Amino acid sequence: SIATDSSGAKILTPSNVITVQVTPFDGRDFGVVNLGTVGITVLASTPVVSSVSIKPEIPFKNSVISLAYLFTDVDNLPDQSQIDWYRDGQQILSLNNATQVTPATGGLAPRQQWYATVIPVAGGTTGVAVQSNTIVIQF
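Okay, so the sequence shown: first residue is 305 according to this note's numbering, each after it adds one.
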């Protein structure tokens, strides 16, 4: 079940702080309320990406290649994932966070090998990177 406050609002949501106050009880008598409190900060769940793929699988030097993936975050936080593109094993920094590579932006040429990685990020929490398929640019 999901914890709620007296109004029915969810309290186990990212960045909420839960404060606990303790009253000791020995089975017979209640003791003095502990004046100190312990704050617990609820952290965001780890986001996940899956089905990371580049299309078309057989591109030509004049093709536009596109990256697609599925993003899941149980806290329903927005997707802030990081996308990195690699050409022949070298990261292409100018394409960071791009979902498409065109002949103009990527300098597509025959025999180049391309892949991308997606690092899921949501609410400041980072998940595990997932690599796409590798494609080879055709003539």
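Virtual Cβ for every residue (Gly too), placed ideally from N, Cα, C.
Since the structure is predicted, the reported quantities are computational estimates derived from the model, not experimental observations.
C-beta atoms of residue i and residue j nearer than 7 Å
{"i": "GLN404", "j": "VAL440", "result": "no"}
{"i": "SER353", "j": "VAL422", "result": "Position check: residue 353 holds Val in this sequence, whereas Ser was assumed. In this structure, VAL422 lies closer than 7 Å to VAL353 by Cβ."}
{"i": "THR429", "j": "ALA348", "result": "yes"}
{"i": "GLY431", "j": "THR350", "result": "yes"}
{"i": "SER367", "j": "LYS359", "result": "no"}
Buried or exposed by the 16-neighbour rule on C-beta atoms within 10 Å, applied to residue i
{"i": "ASP392", "result": "exposed"}
{"i": "ASP377", "result": "buried"}
{"i": "LEU412", "result": "buried"}
{"i": "LEU397", "result": "exposed"}
{"i": "VAL356", "result": "buried"}
{"i": "PRO363", "result": "buried"}
{"i": "GLN312", "result": "Checking the displayed sequence, the identity of residue 312 turns out to be Gly instead of Gln. Result: exposed."}
{"i": "LEU374", "result": "exposed"}
Among the options, nearest to residue i - alpha-carbon criterion
{"i": "ALA433", "options": "THR409, PRO360 and GLN386", "result": "GLN386"}
{"i": "GLN395", "options": "GLU361, THR350 and GLN435", "result": "GLN435"}
{"i": "PRO382", "options": "ASP333, SER310, GLY427 and TYR419", "result": "GLY427"}
{"i": "ASN401", "options": "TRP389, ASN366 and ASP333", "result": "TRP389"}
{"i": "GLN325", "options": "VAL337, PHE375, ALA420 and ASP333", "result": "VAL337"}
{"i": "GLY410", "options": "LYS365, ASP333 and PHE334", "result": "LYS365"}
Supposed close pair residue i, residue j - CB separation, criterion 8 Å
{"i": "PRO414", "j": "PHE443", "result": "5 Å"}
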